[in-house]
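In my numbering, the protein residues as written are 9 to 178.
Ideal placement from N, C-alpha and C gives every residue a C-beta, glycine not left out.
Predicted, not measured: the structure shown is a model, and the values here were computed from it.
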């Protein structure tokens with residue numbers, strides 16, 4: 009039963025990653041996406057969400073206060089809003105926003121989902137219609153090339169990481 013649950017969680021995370029890639033154009037060059045629209049001027053307050061990537065059908069925000077080192081990886085929490093409802097793993101359910109916790113490997117330019125929660129409404133509002141957690145030993149790493157949504161997320165997180173960066177990656 010534990011093995012079946014692990015496969016289910018891993019499948020859910022990979023499905024969410026593929027959905028992110030297809031709906032956010034995370035794997036497409038930034039030139040194919042709409043330009044970012046600044047949402048504020050000056051330094052953000054620690055609990056404000058900052059826009060870090062915008063695609064044709066989604067916008068990704070980071071909460072700067074969530075950036076922290078967890079061992080050799082950087083951890084960050086994001087909020088993602090979709091312009092169209094996304095199909096949930098639960099039959100008959102859809103979502104318009106998601107809160108994602110990532111592990112980021114800055115030197116290797118890769119990231120992995122650690123936790124995903126999908127919400128029925130925009131801006132993390134409404135019922136949670138899907139959620140999963142993935143242990144650090146079962147992370148599925150995805151490349152974050154420059155000028156992609158994943159790349160923009162990684163660049164923001166790594167350039168704003170708190171002091172005390174590890175010397176090597178795991």
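| query | result |
| --- | --- |
| Burial state of residue 91, where buried means 16 or more other Cβ atoms lie within 10 Å | exposed |
| Runs of beta strand (DSSP E) lying entirely within the region 79 to 150, each at least 3 residues, in chain order | 81 to 95, 102 to 113, 118 to 127 and 136 to 141 |
| Candidates 108, 93, 98 and 102: closest to residue 68 by CA position | 108 |
| Cβ contact (3+ pairs, closer than 8 Å) linking the region 144 to 155 and the region 98 to 105 | no |
| Pairwise C-alpha distance: residue 74 and residue 170 | 10 Å |
| Three-state class that DSSP yields for residue 154 in the structure shown | coil |
| The region 161 to 169 touching the region 134 to 143, judged by at least three CB pairs closer than 8 Å | no |
| Residue 169 in three-state terms, based on DSSP | coil |
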